[in-house]
Amino acid sequence: MRITVNGVCTDVPEGTTAEGLVEIVGMDPSRVAVEVDGDICPRARRGETVLKEGQTVEIVGFVGGG
Amino acid sequence: MTDELVIGGHRFNSRFILGSGKFSLDVTRSVIENGGVGMATLAVRRAHSKDSSNILDSMPEGIVLLPNTSGARNAEEAVRIARLARELGCGDFVKIEIIRDSKYLMPDNCETIRAVRMLADEGFIPMPYMMPDLTAARSMADAGAAAIMPLGAPIGSNKGLLTRDFVKILVEEIDLPVIVDAGIGRPSQACEAMELGCAAVMANTAVATAGDIPAMARAFKLAIEAGRLAYLSGPGRVIEGRAEASSPLTGFLRE
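If you read the sequences in order, they're chains A and B. Position 28, counted from 1, in the first sequence is what this note's numbering calls 56; the numbers after and before it change by one each time, with no gaps. Position 141, counted from 1, in the second sequence is what this note's numbering calls 144; the numbers after and before it change by one each time, with no gaps.
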């Protein structure tokens, strides 16, 4: 299925969870926050949050900034 | 005598807030240590793969992190960024930064007041970056700001405390810590802000664009401490239109 991850259209297997997606894109799960269709997906619920076709996911972290 | 800075119930021994942008990650820790920094800002952005090093690895134990809402153009976007920052797990502080002007990077005080209220209602500790305007500052205090962060000059300009008289009004009228944020380019300017009675100074570009970055961080620490001590001491008076001798007024070898 296709979802949008950080602005990029991405193919992932059916049934991919938010936790699985972080793994697939190669990010450190302890250092990111995940938002699905504009709502925070809390860390504790990433494993049970199954993504759906067409959803928009943002995966963000801290960077240097004033 | 302890002279702690209290923001949102948290106690700080340092009055130097560092913006963590524009540094290479390997120098960040030494800047924080040399500057005796108690609080450092961070930005939230899309993450990249885990092979890139993370800014959090450069943050020493015990430093308080102050995520900003940079990139937000209105209150709703600021709230969205603040929620993501909190989900990243570094506490409830948030520096609200709402900017729609891409040339001068002037903060939008009206949207910022709205964001302060929304974020305070969600349990955040809001520290709004603002144009130093008394009416807006009062509204931010009423909305639940924990401190206010008026600009000294445009972000990244190193031009100093151009808003001096207006910041002074805020110090006198607003019963919250007033922290000059943006534009401070030299330790002497940080010292001046502290002499006025500001509670702390935030700097980023001034340090990041210095020749010897850790040494400049230490210079800021000393200047901020000197300015604070001068403020607490009560600066001497100014006289106009005449001089006043410091030596005895009697002539040498004459009465």
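Backbone N, C-alpha and C define an ideal beta-carbon position, used for all residues, glycine too.
In chain B, which residues lie less than 9 Å from A61 (chain A) when you measure between Cβ atoms?
-> Close partners of A61 (chain A) in chain B (Cβ separation under 9 Å): V47, A50, R86, L87, A88, R89, E90, L91, G92.
Where the alpha helix (DSSP H) containing A46 (chain A) begins and where it ends = Per DSSP, the unbroken alpha helix (DSSP H) holding A46 (chain A) starts and ends at 46-52.
Would a check of beta-carbon distances place M55 (chain A) closer than 8 Å to chain B?
-> With 8 Å as the cut-off, M55 (chain A) counts as an interface residue toward chain B.
If you draw a straight line from the alpha carbon of A246 (chain B) to that of N16 (chain B), how long is it in whole angstroms?
-> Each residue's Cα considered, the two are about 40 Å apart.
Taking Cβ to Cβ, would you say D184 (chain B) is nearer than 8 Å to M205 (chain B)?
-> In contact: D184 (chain B) and M205 (chain B) (Cβ atoms closer than 8 Å).
Is I87 (chain A) near A50 (chain B), with beta carbons less than 8 Å apart?
-> Cβ distance < 8 Å, so I87 (chain A) and A50 (chain B) count as in contact.
Run the CB neighbour count on E195 (chain B), radius 10 Å, all protein chains shown included, and call it buried at 16 or more, exposed below.
-> In the assembly as shown, E195 (chain B) is a buried residue. Its beta-carbon has 16 or more other beta-carbons within 10 Å.
Below 7 Å CB to CB, which residues in the same chain sit around A123 (chain B) once its five sequence neighbours on both sides are set aside?
-> Hits under 7 Å: P129, A146, G147.
Would you mind sorting D111 (chain B) into buried or exposed? The rule is 16 or more other CB atoms within 10 Å of its CB.
-> Looking at its Cβ environment, which holds 16 or more other Cβ atoms inside 10 Å, D111 (chain B) is buried.
Can a CB atom of chain B be found closer than 8 Å to the CB of E86 (chain A)?
-> Taking Cβ atoms only, chain B reaches closer than 8 Å to E86 (chain A), which makes this a yes.
Simplified DSSP assignment, three categories, for E42 (chain A) | Coil.
Could you work out which residue in B:V9, B:K25, B:E243, B:F26 is closest to R18 (chain B) when comparing CA atoms only?
-> Of all alpha-carbon atoms in B:V9, B:K25, B:E243, B:F26, the one lying nearest the alpha-carbon of R18 (chain B) is that of B:V9.
Mind listing, in chain order, the continuous alpha helix (DSSP H) runs of no fewer than 4 residues lying wholly within the segment 79-159 of chain B?
-> Whole alpha helix (DSSP H) segments, 4+ residues: 112-124, 137-146.
Would I52 (chain A) count as contacting chain B if we go by Cβ distances under 8 Å?
-> It does not; no Cβ of chain B falls within 8 Å.
What span of residues does the alpha helix (DSSP H) with E7 (chain B) cover, start to end?
-> Neither: E7 (chain B) is in no alpha helix (DSSP H) and is coded neither H nor E.
Taking the alpha helix (DSSP H) that A222 (chain B) falls in, what are its first and last residues?
-> For A222 (chain B), the enclosing alpha helix (DSSP H) covers residues 216-236.
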